[in-house]
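What follows is a short report on a single structure.
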Amino acid sequence: MLERTFVYLKPDAVRRGLVGEIIKRFEGRGLKLVALKMKRMTREEAEELYKEHRGKSFFQKLVDFVTSSPVILMVLEGPSAVKVVRHTVGATDPLEAAPGSIRGDFGVNVTKNLIHASDSVESAQREMSIFFRDMEIEDYPLPIEKDLVLEG
Ligand SMILES: Nc1ncnc2c1ncn2[C@@H]1O[C@H](COP(=O)(O)OP(=O)(O)OP(=O)(O)O)[C@@H](O)[C@H]1O
Ligand SMILES: [Mg+2]
-9 MLERTFVYLK PDAVRRGLVG EIIKRFEGRG LKLVALKMKR MTREEAEELY
41 KEHRGKSFFQ KLVDFVTSSP VILMVLEGPS AVKVVRHTVG ATDPLEAAPG
91 SIRGDFGVNV TKNLIHASDS VESAQREMSI FFRDMEIEDY PLPIEKDLVL
141 EG
């Protein structure tokens, strides 16, 4: 099932120079970049993105951190993209994340865990609409796509 998911690289990933490494992993798994931009997230955007966590002990620290310097926002498309990306990213706490995953290979801190990835197609739709207008999401063919599915 072709899906779109929303991902952003948190300030620690940008500051540590891991942007290329992380995007390379998604490209390697056959995911298609259909939107990409750098920006400094506003507090309003961060609070909207994380509204399910409002009131939790880590909420303010999380909002402070993700607004501390620019992030890289993207939309990725591919078969089962939500699940493929979540597996590539690894568990929320890098100490629990499997080696080979992004957080398992580069992360050590649950706040500074490098990356966010939507947990469902519905969340992805809501989250990408905070940062991207429909016209900013591109549609183009990726020749490898036919090799990612059984048919064809
Ligand atoms: N117990 C915690 N202590 C500190 N920070 C936390 C804790 N739980 C979650 N967070 C932070 O809040 C973010 C959102 O939490 P969530 O439970 O949605 O994790 P996730 O779905 O694995 O990660 P993400 O939504 O960032 O892809 C996490 O990425 C992490 O930075
Ligand atoms: Mg989440």
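Residue numbers (our numbering): -9 to 142.
Ideal Cβ positions, reconstructed from N, Cα and C, are used throughout, including at glycine.
Computed from a predicted structure; not experimentally measured.
Taking 8 Å as the CB-CB limit, is residue i close to chain D?
i    : result
S108 : This model lacks chain D altogether; it includes just one protein chain.
Indicate, with yes or no, if ligand 1 has a heavy atom lying under 7 Å from the CB of residue i.
i     : result
H43   : yes
D109  : yes
L52   : yes
V61   : no
V98   : no
F154  : Coverage of the chain is limited to positions -9 through 142, which leaves residue 154 absent and any answer about it impossible.
F48   : yes
T32   : no
T78   : no
T(-5) : no
Of the choices the options, whose alpha-carbon is the least far from that of residue i?
i   : options               : result
R33 : R44, A114, A25, S70   : R44
V24 : T57, M(-9), P131, G97 : P131
P1  : T(-5), R(-6), V9      : V9
V72 : D54, K22, F49         : K22
How about residue i: is its Cβ closer than 7 Å to a heavy atom in ligand 2?
i   : result
D83 : no
Got a sec? Which residues, its chain only, sit under 7 Å from residue i by beta carbon, not counting five neighbours each side?
i   : result
I92 : I12, R15, T78, V79, G80, L104, I105
V4  : S59, P60, V61, I62
R19 : V74, T78
Exposed or buried, residue i, counting other C-beta atoms within 10 Å across all chains shown (16 or more means buried)?
i     : result
L85   : exposed
V56   : buried
T101  : exposed
F121  : buried
M28   : exposed
F48   : exposed
R(-6) : buried
Any heavy atom of ligand 3 within a distance shorter than 7 Å of the CB on residue i?
i    : result
H106 : Looking for ligand 3 in the displayed structure turns up nothing; the ligands present are ligand 1 and ligand 2.
Between the alpha carbons of residue i and residue j, how many angstroms are there, rounded?
i     : j    : result
Q115  : L52  : 22 Å
L140  : P69  : 11 Å
M125  : S119 : 11 Å
V98   : Y40  : 21 Å
M64   : P133 : 20 Å
N(-1) : L138 : The question names Asn, yet the displayed sequence has Leu at residue -1. Straight-line Cα distance between these residues: approximately 25 Å.
Within its chain, find whatever has a CB closer than 8 Å to the CB of residue i; leave out the 5 residues flanking it on each side and keep chain order.
i   : result
E37 : R44, V53
Which residues in the same chain have their Cβ closer than 6 Å to the Cβ of residue i, if we skip the five residues on either side of it in sequence?
i   : result
D83 : V100
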